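Trainee:
Numbering (the UniProt record's numbering), first residue to last: 1 to 308.
So this is what it looks like as structure tokens:
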């Protein structure tokens with residue numbers, strides 16, 4: 001990356017932060033739920049997962065970690081066998097930058113060294129771990145934690161590894177090439193409802209740990225269960241403010257969260273005003289506000305078979 005390009009990207013990244021700081025100073029009553037500097041950590045796929053390795057959570061019946069991964073800055077490194085030592089095929093190649101753009105979602109499943117020729121650094125090479133074709137998506141909204149299961153990339157056997165093409169590009173599992181999905185009857189034979197969910201207490205502990213370490217309230221993380229070790233889980237991705245529409249009961253959960261945030265802010269401001277000389281002019285919120293919240297919270301929704 002050239003110096004001018006690097007300076008542009010740094011300047012571009014700092015612009016929203018400066019805008020938010022200016023807006024906050026001019027509008028002190030507006031809630032800023034999560035600081036931008038904390039969110040920025042998730043825009044880099046190395047620093048994103050580094051936080052998982054730093055968690056201090058008791059691991060008894062279940063254990064967790066992250067897949068083996070290597071940062072590649074230039075194409076020459078892909079030709080260096082020593083630099084890639086210890087990394088086994090297949091690997092998933094992901095852009096280093098995870099900023100939510102279309103480009104940041106373009107990934108490749110690489111089956112051999114010939115597949116490296118199509119990659120464009122900077123990228124992260126993450127070892128692909130067989131996980132039964134099931135991924136667990138964990139949504140976090142403040143104190144609320146929800147785990148759902150979804151279909152994922154199919155397992156790759158040692159026998160089939162040599163017969164597969166060099167690499168396969170995709171942005172998400174649903175966009176896998178028709179040829180790849182039809183040649184492997186994995187999806188047709190897999191019954192997602194039979195996949196065992198990870199213990200909710202275990203997932204919640206990880207979620208709480210990530211929340212404290214990252215100082216974030218709104219995020220999700222993707223977890224897979226290592227097929228080689230049934231009770232070992234790997235965190236493979238963390239996203240800020242994900243597509244909550246795919247989370248069961250998202251309307252009620254998000255409404256409750258934002259309501260609590262707003263009213264905590266109002267309570268703080270009210271207490272400040274109460275201590276001032278103008279305290280006599282302050283008024284508490286009408287009681288019907290809480291009744292409105294009860295109506296929203298009791299909105300019917302169904303977890304179907306996804307929930308933990």
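Think of the CB as a built atom: it goes at the ideal place given N, C-alpha and C, for glycine as much as any other residue. Keep in mind the model is a prediction, meaning the values are calculated, not measured.
Which residue marks the beginning of the alpha helix (DSSP H) containing residue 160, and which one marks its end?
Mentor: 158-161
Trainee: Do you know offhand how far residue 55's Cα is from residue 206's?
Mentor: 8 angstroms
Trainee: Alpha carbon to alpha carbon, how far is residue 94 from residue 123? Give it in angstroms, no decimals.
Mentor: 5 angstroms
Trainee: For the beta strand (DSSP E) holding residue 69, just list the boundary residues, first then last.
Mentor: 69-72
Trainee: Please list, in chain order, all residues of the same chain as residue 103 whose beta carbon is under 7 angstroms from its beta carbon, the five residues on each side excluded.
Mentor: 95
Trainee: Could you tell me if residue 225 is buried or exposed, where buried requires 16 or more neighbouring beta carbons within 10 angstroms of its beta carbon?
Mentor: buried
Trainee: Pick from 74, 251, 62 and 63: whose alpha carbon is nearest that of residue 120?
Mentor: The residue from 74, 251, 62 and 63 with its alpha-carbon nearest to that of residue 120 is 74.
Trainee: I'd like the list of long-range same chain contacts for residue 174, defined as Cβ closer than 8 angstroms, with 5 residues on each side in sequence excluded.
Mentor: In this prediction, residue 174 has a pLDDT of 48, which is less than 50 and means its spatial position is unreliable; nothing more can be read from the coordinates.
Trainee: Measuring CB to CB, does residue 36 end up less than 8 angstroms from residue 70?
Mentor: Going by C-beta atoms, residue 36 is not nearer than 8 angstroms to residue 70.
Trainee: Would you identify the three-state DSSP class for residue 237, choosing helix, strand or coil?
Mentor: In this structure, residue 237 counts as strand in the three-state DSSP scheme.
Trainee: Could you round the C-beta distance between residue 356 and residue 111 to whole angstroms and report it? I think they count as a contact, below 8 angstroms.
Mentor: Lying before the first or after the last residue shown, residue 356 is absent from the chain, which here runs from 1 to 308.
Trainee: Quick check on residue 41: does DSSP put it in helix, strand or coil?
Mentor: helix
Trainee: Among 99, 150 and 199, whose alpha-carbon lies nearest the alpha-carbon of residue 246?
Mentor: The residue with the shortest Cα to Cα distance from residue 246 is 150.
Trainee: If I'm right that residue 109 touches residue 168 with Cβ under 8 angstroms, what's the distance once you round it to whole angstroms?
Mentor: 5 angstroms
Trainee: At which residue ranges does the stretch 91-128 contain complete beta strand (DSSP E) runs of 3 or more residues, listed in the order of the chain?
Mentor: Taking only runs of at least 3 residues, the beta strand (DSSP E) segments lying wholly in the stretch 91-128 are 91-95, 107-110 and 123-127.
Trainee: Distance, Cα to Cα, residue 227 vs residue 201?
Mentor: C-alpha separation (whole angstroms): 21 angstroms.
Trainee: What distance in whole Å lies between the Cβ atoms of residue 136 and residue 156, which are believed to be in contact at a cut-off of 8 angstroms?
Mentor: That pair is no contact at about 19 angstroms.
Trainee: Determine the extent of the beta strand (DSSP E) in which residue 203 is found, giving its start and end residues.
Mentor: Not the beta strand (DSSP E): residue 203 falls in the alpha helix (DSSP H), residues 200-214.
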